[in-house]
Amino acid sequence: MEFKQLPPFASWPRLVGERALRWQKPISQGLTLFLLVVAAWMVGKIVWLVLADPVPVPSWQPTPLELKSEQQSIDISGLQSGALFGIFAPTKPPVVVAPVVVDAPKTRLTLVLSGVVASNDPQKSLAVIANRGVQATYGLNEVIEGTQVKLKAVLADRVIISNAGRDETLMLEGLDYTASTAAPAPNNSAPATQPKAEPTSQETLDTIREAIARNPQELFQYVRLSQVKRDEKVIGYRVSPGKDAALFESVGLQAGDVAVALNGMDLSDPNIMNSVFQSINELTEISLTVERDGQQYDVYIQF
Numbered sequence: 004m005e006f007k008q009l010p011p012f013a014s015w016p017r018l019v020g021e022r023a024l025r026w027q028k029p030i031s032q033g034l035t036l037f038l039l040v041v042a043a044w045m046v047g048k049i050v051w052l053v054l055a056d057p058v059p060v061p062s063w064q065p066t067p068l069e070l071k072s073e074q075q076s077i078d079i080s081g082l083q084s085g086a087l088f089g090i091f092a093p094t095k096p097p098v099v100v101a102p103v104v105v106d107a108p109k110t111r112l113t114l115v116l117s118g119v120v121a122s123n124d125p126q127k128s129l130a131v132i133a134n135r136g137v138q139a140t141y142g143l144n145e146v147i148e149g150t151q152v153k154l155k156a157v158l159a160d161r162v163i164i165s166n167a168g169r170d171e172t173l174m175l176e177g178l179d180y181t182a183s184t185a186a187p188a189p190n191n192s193a194p195a196t197q198p199k200a201e202p203t204s205q206e207t208l209d210t211i212r213e214a215i216a217r218n219p220q221e222l223f224q225y226v227r228l229s230q231v232k233r234d235e236k237v238i239g240y241r242v243s244p245g246k247d248a249a250l251f252e253s254v255g256l257q258a259g260d261v262a263v264a265l266n267g268m269d270l271s272d273p274n275i276m277n278s279v280f281q282s283i284n285e286l287t288e289i290s291l292t293v294e295r296d297g298q299q300y301d302v303y304i305q306f
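For the sequence shown, the residue numbers in the working numbering are 4 to 306.
Below, the structure written as structure tokens:
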């Protein structure tokens, strides 16, 4: 292997200059050729733009607004069903209620009336009726089990039943049949009298207790009982004030209380009212267990 001796450092600038002169000509020729090509391309581009057909520029056209032919429907059913000016209620002719024949003939049916709860409000009146040994409590217009007979009215000592459209009387067990007469209507033409002084609450209460003491069944004129059922089973009797609320309020009863026991007798038994009516004439006080707001309370009534 042979090694060439490098020229001295001082001679390097001279050598570079000589070699640069050697390459200067081809480089200049290459650049000139490149520039000529670029110039020719630009001239051709300009000529083409001048000679070419002008490109039509589309004119601006506004986008037409498409209108739907179907108009949006408005739901006015709520407006049509609304009563803007109230609901028209045609005047109905008064309903003529057929009077109850209180002196109807005695029935020939083998029914036994064990007890009654007569009320000024007919819908709250009850009657305990037994048919062929099966005893149950009935309200007005209810069909007596095992028959086609309906209870039509409840009086203090009897009930009126409708048998094939004919009114008949069923007397309370142990009482003989007597014709009943309706109380005379007040005479509106009688001269006006001075109003009497209203009795005090204590006097009213004493009068009520005296009336119940003479006839214990009068209790049900001041304390009303309405049968309460749940799932077709009797659970008790809802109590409410009767024709005078003095006794009802004095013993601590409240409207809506449900009586579930009377003197220890379970009132959920549908046949227990028979025992209640049979024994009430011998009582001087009553212990009533009522259910109120889920709790039971004992109420004592003395007479």
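We put the beta carbon where it would ideally sit given N, CA and C, even for glycine.
TODO: Starting from Y303, trace the beta strand (DSSP E) both ways and give me its first and last residue.
DONE: For the purposes of this step, residue 303 is taken as residue 300 along the sequence shown, with counting starting at 1. Per DSSP, Y303 is one residue of the beta strand (DSSP E) stretching across 298-305.
Task: Classification of Y141 by the beta-carbon crowding that lies within 10 angstroms, buried from 16 upward - done: As a working note, residue 141 is residue 138 in the sequence shown. With 16 or more other Cβ atoms within 10 Å, it is buried.
TODO: Helix, strand or coil for Y180, going by three-state DSSP, please let me know.
DONE: To locate residue 180, count along the sequence shown from 1; it is residue 177. Annotated three-state conformation of Y180 is coil, per DSSP.
TODO: Note down the Cα distance separating T292 from K236, rounded to an integer number of angstroms.
DONE: The sequence position of residue 292 within the sequence shown is 289, counting from 1. The sequence position of residue 236 within the sequence shown is 233, counting from 1. Taking the straight line from one Cα to the other gives about 19 Å.
Open item on the list: Once DSSP output is grouped into helix, strand and coil, what is the label at D209?
Closed with: Along the sequence shown, read from residue 1 onward, the residue named residue 209 stands at position 206. Looking at D209 - three-state DSSP - the assignment turns out to be helix.
- [ ] Using 10 angstroms around the beta-carbon of M45, count the other beta-carbons present and answer buried if the total reaches 16, otherwise exposed.
- [x] Position 42 of the sequence shown, counting from 1, holds the residue named residue 45. Looking at its Cβ environment, which holds fewer than 16 other Cβ atoms inside 10 Å, M45 is exposed.
Task: Y240, buried or exposed, once every other Cβ within 10 Å from all chains shown has been counted against 16 - done: Position 237 of the sequence shown holds residue 240. Within 10 angstroms of the beta-carbon of Y240 lie 16 or more other beta-carbons, which makes it buried.
TODO: Kindly indicate which three-state DSSP category I132 falls into: helix, strand or coil?
DONE: Looking up residue 132 in the sequence shown gives position 129. The answer is strand: DSSP assigns I132 an E or B state.
TODO: Work out the CA separation of S165 and M268 for me, nearest whole Å.
DONE: Position 265 of the sequence shown, counting from 1, holds the residue named residue 268. Position 162 of the sequence shown, counting from 1, holds the residue named residue 165. Rounded to whole angstroms, the separation of the alpha carbons of S165 and M268 is 32 Å.
Open item on the list: Does E21 pass the burial test, meaning 16 or more other C-beta atoms within 10 Å, or should it be called exposed?
Closed with: Within the sequence shown, numbered from 1, the residue matching residue 21 stands at position 18. By the Cβ-count criterion, E21 is exposed, with fewer than 16 other Cβ atoms from all chains shown falling within 10 Å of its own Cβ.
- [ ] Please report how far the alpha carbon of D179 lies from the alpha carbon of K232, in whole angstroms.
- [x] The residue you call residue 179 lines up with position 176 of the sequence shown. The residue you call residue 232 lines up with position 229 of the sequence shown. Answer to the nearest angstrom: the Cα atoms are 34 Å apart.
Task: S243 burial status per 10 Å Cβ neighbour count (16 or more: buried) - done: Start at 1 with the first residue of the sequence shown, and residue 243 comes out as number 240. Classification for S243: buried.
- [ ] Could you spell out where the alpha helix (DSSP H) holding S253 opens and where it closes?
- [x] As a working mapping, residue 253 is identified with position 250 in the sequence shown. In the DSSP assignment, S253 falls within the alpha helix (DSSP H) that extends over 249-253.
Open item on the list: For E171 and A107, which I take to be in contact (beta-carbon distance under 8 Å), what is that distance rounded to the nearest angstrom?
Closed with: Residue numbering aside, residue 171 sits at position 168 when the sequence shown is read from its first letter. Residue numbering aside, residue 107 sits at position 104 when the sequence shown is read from its first letter. Right, their Cβ atoms sit about 5 Å apart.
Task: Sequence-distant residues of its chain with Cβ nearer than 7 Å to P273 (five each side left out) - done: Translated into the one-based positions of the sequence shown, residue 273 becomes position 270. Hits under 7 Å: A139, T140, V237.
Open item on the list: Which residue marks the beginning of the alpha helix (DSSP H) containing V105, and which one marks its end?
Closed with: Residue mapping note: residue 105 aligns to position 102 of the sequence shown, counting from 1. Looking at the DSSP string, V105 is not in any alpha helix (DSSP H), and its letter there is neither H nor E.
Open item on the list: So the candidates are T207, V50, V120; which of them puts its Cα closest to the Cα of E221?
Closed with: Position 218 of the sequence shown, counting from 1, holds the residue named residue 221. Ranking the options by Cα distance to E221, first place goes to V120.
Task: Distance between L116 and A216 (C-alpha atoms, nearest Å) - done: Looking up residue 216 in the sequence shown gives position 213. Looking up residue 116 in the sequence shown gives position 113. Spanning the two alpha carbons is a distance of roughly 23 Å.
TODO: Name the two residues that bound the continuous alpha helix (DSSP H) containing I289.
DONE: Here the question's residue 289 lines up with position 286 in the sequence shown. The continuous stretches of alpha helix (DSSP H) do not include I289, which lies in the beta strand (DSSP E) extending over residues 288-295.
TODO: Could you check what DSSP says for V152 in three-state terms: helix, strand or coil?
DONE: As a working mapping, residue 152 is identified with position 149 in the sequence shown. Of the three classes helix, strand and coil, the one that applies to V152 here is coil, per DSSP.
Open item on the list: Between which residues of its own chain and G245 is the CB-CB distance below 8 Å, once the five residues before and five after are set aside?
Closed with: For the purposes of this step, residue 245 is taken as residue 242 along the sequence shown, with counting starting at 1. Contacts found: S122, N123, F223, Q224, Y225, V226, R227, F251.
Task: For G118, the three-state DSSP class (helix, strand or coil) - done: As a working mapping, residue 118 is identified with position 115 in the sequence shown. In the displayed model, G118 falls within a strand according to three-state DSSP.
Open item on the list: For A185 and D209, I'd like the C-alpha separation in whole angstroms.
Closed with: Counting from one through the sequence shown, the residue named residue 185 turns up at place 182. Counting from one through the sequence shown, the residue named residue 209 turns up at place 206. Note on A185: pLDDT 45, under 50, position unreliable in the model; the coordinate value appears next. Looking at the two C-alpha atoms, the distance is approximately 28 Å.
TODO: Give the DSSP-derived three-state secondary structure of I147 in the structure shown.
DONE: By one-based count along the sequence shown, residue 147 stands at place 144. Reduced to three states, the DSSP call for I147 is coil.
TODO: Please report the Cβ distance between K155 and I163, rounded to the nearest whole angstrom; I am assuming they are in contact, meaning their Cβ atoms lie under 8 Å.
DONE: Taking the first residue of the sequence shown as 1, we reach residue 155 at position 152. Taking the first residue of the sequence shown as 1, we reach residue 163 at position 160. Indeed they touch by this definition, with Cβ atoms about 5 Å apart.
Task: Segment contact flag, the region 279-299 with the region 256-266, C-beta cutoff 8 Å, min 3 pairs - done: Taking 8 Å as the limit for Cβ pairs, the verdict is that the region 256-266 does touch the region 279-299.
TODO: Verify whether the separation of the beta carbon atoms of V261 and Y303 is less than 8 Å.
DONE: For this step, residue 261 is matched to residue 258 along the sequence shown. For this step, residue 303 is matched to residue 300 along the sequence shown. Not a contact, by the Cβ cut-off of 8 Å.
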